[in-house]
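Here is the structure we will look at, set down as structure tokens.
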Amino acid sequence: WTPVEGFTFTDILYDRTDGIARISFNRPHVHNAFRPETLEEVMKALRHARFDASIGVIILTGVGDKAFCSGGDQSVRGDNGGYKDQEGVHHLNALDLQREIRSCPKPVVAMVAGWSIGGGNVLQLLCDLTIAADNARFGQTGPKVGSFDAGFGAGILARTIGVKKAKEVWFMCRQYDAQQALEMGWINAVVPLSQLEDETVAWCRRMLELSPTALRILKTAFNADSDGMSGIQELAGNATALFYMTEEGQEGRNAFLEKRTPDFDRFPRRP
Ligand code: 2NE
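Under full-length UniProt numbering, read the sequence shown as residues 4 to 274, first letter to last.
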């Protein structure tokens, strides 16, 4: 792994290897709980990886083997509707990151060792795939600590593991080990901790062998109905992008620029 140059992050690490970017929560003293600044940094790195054409897959993980992420840092949770940044402004920017993970056109893979809890576990859920170590533990704590995620955190969980199980997760605030999470369909694979990185990278390399456009459109398709009109917008944006790459699409642009009537006659009206 090589650190990506040009960034000075305090709360995350951002590095890369052969087509794979890795973004790591780096607050191990609080089991990688996030504060607003942490999430801003993750979003900055995610956007950079998104626009770097040499990156095909992004891993989201936590530093160390004790925690992926334990959610919002309760020590900076304020009384004014969110988590306080260093200027005292309150944020719920975990929700912004959730949307960015979903709308990132490249696969995002959660690599989980240790705790995946609270808002951290919702981020894990929203990654496209999750590879867990055998020491991973998953759960929601919201109703215990006076919080909840009634958006993707409830809705996508219900779609992922079923409504009854999702209600159990939120209503009981229990913790589930990696094997239980696998059986529920919450995650994709469990491996011994010592093999976590190798296995995750192997999954990423497999995706790097495949068509990036096919993966991009499939990701959008999986999210389209649950994202409503904005999901359809993303899916449709892929159609526009592909159309722009055709002679038919380019004929319209060329005719406009050349101040002539477009000639679409040579393009077939397919059944
Ligand atoms: C994760 C868990 C179950 C681990 O328990 P354990 O016993 O293994 O560790 P411990 O001793 O609790 O944690 C180690 C240190 O990390 C801090 C702890 O306070 C402790 O610090 P010291 O006592 O050593 O100084 N720590 C852990 N998680 C933290 C957190 N989230 N914020 C601040 N400090 C934290 C156990 O630690 C646990 O249950 N943690 C809390 C999980 C939690 O409730 N997260 C917030 C959920 S709400 C949320 O994330 C959210 C949302 O619902 C909506 C929008 C945005 C965010």
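C-beta: ideal position from N, C-alpha, C; glycine also.
Pick out whichever of the options has its Cα sitting closest to the Cα of residue i.
i: L160; options: R140, A135, N124 and K147; result: N124
i: G75; options: N35, W206, T5 and I104; result: N35
i: H93; options: S78, S229 and F155; result: S78
i: A116; options: C207, Q198 and L245; result: Q198
i: N191; options: D152, K170, T133 and F259; result: T133
i: E251; options: V166, R269 and S229; result: R269
i: K222; options: N96, R102, F28 and S106; result: S106
i: D228; options: L196, G158 and R272; result: G158
i: L245; options: L260, G165 and A217; result: A217
i: L185; options: D201, L128, D230 and F155; result: L128
i: A153; options: E261, A97 and P195; result: A97
i: L100; options: D55, W4 and G156; result: G156
i: residue 1; options: R263, G165 and P215; result: Here the chain has residues from 4 to 274 only, and residue 1 is not among them.
Name the DSSP bridge partner or partners of residue i?
i: P6; result: D18
i: L63; result: I26 and A113
i: K87; result: H93
i: G75; result: F37
i: G142; result: I120 and Q178
i: A70; result: W118
So, with DSSP's three-state summary, where would you put residue i?
i: S27; result: strand
i: W118; result: strand
i: T249; result: coil
i: D99; result: helix
i: I134; result: strand
i: D201; result: helix
i: Q178; result: strand
i: A192; result: strand
i: A153; result: coil
i: A239; result: helix
i: A56; result: coil
i: R80; result: strand
i: K47; result: helix
i: E254; result: helix
i: L213; result: coil
i: C207; result: helix
i: A171; result: Sequence check: residue 171 is Glu here, not Ala. In the structure shown, E171 sits in a helix (DSSP, three-state: H, G or I).
i: K222; result: helix
Measuring straight from C-alpha to C-alpha, what distance separates residue i and residue j?
i: G142; j: R177; result: 6 angstroms
i: D266; j: M248; result: 17 angstroms
i: E237; j: C130; result: 17 angstroms
i: T163; j: R256; result: 43 angstroms
i: V33; j: F71; result: 11 angstroms
i: A224; j: G234; result: 8 angstroms
i: L63; j: E43; result: 14 angstroms
i: K147; j: P274; result: 57 angstroms
i: D14; j: G65; result: 11 angstroms
i: V204; j: R30; result: 23 angstroms
i: G121; j: E8; result: 31 angstroms
i: G91; j: S73; result: 22 angstroms
i: G81; j: Y17; result: 28 angstroms
i: F12; j: P6; result: 11 angstroms
i: A119; j: A242; result: With the sequence shown as reference, residue 119 is identified as Ser, and Ala is not the correct amino acid for it. Looking at the two C-alpha atoms, the distance is approximately 36 angstroms.
i: T151; j: G145; result: According to the sequence as given, residue 151 is Phe; it is not Thr. Whole-angstrom Cα-Cα distance: 5 angstroms.
i: G22; j: K69; result: 27 angstroms
i: D201; j: E103; result: 26 angstroms
i: G67; j: E261; result: 59 angstroms
i: residue 275; j: I26; result: With the chain covering 4 to 274 only, the question about residue 275 has no answer from this structure.
The ligand ZN and residue i: does the residue's C-beta get closer than 8 angstroms to at least one heavy atom of that ligand?
i: W173; result: As far as ligands go, the structure on display features the ligand 2NE and does not contain the ligand ZN.
The stretch 53-66 touching the stretch 205-225, judged by at least three CB pairs closer than 8 angstroms: yes
Inter-stretch contact (C-beta, 8 angstroms, three-pair minimum) for the stretch 83-97 and the stretch 34-48: yes
Touch test, the stretch 42-54 against the stretch 132-141, Cβ-Cβ under 8 angstroms, three pairs minimum: no
Cβ pair count under 8 angstroms reaching 3, the stretch 179-189 against the stretch 91-110: no
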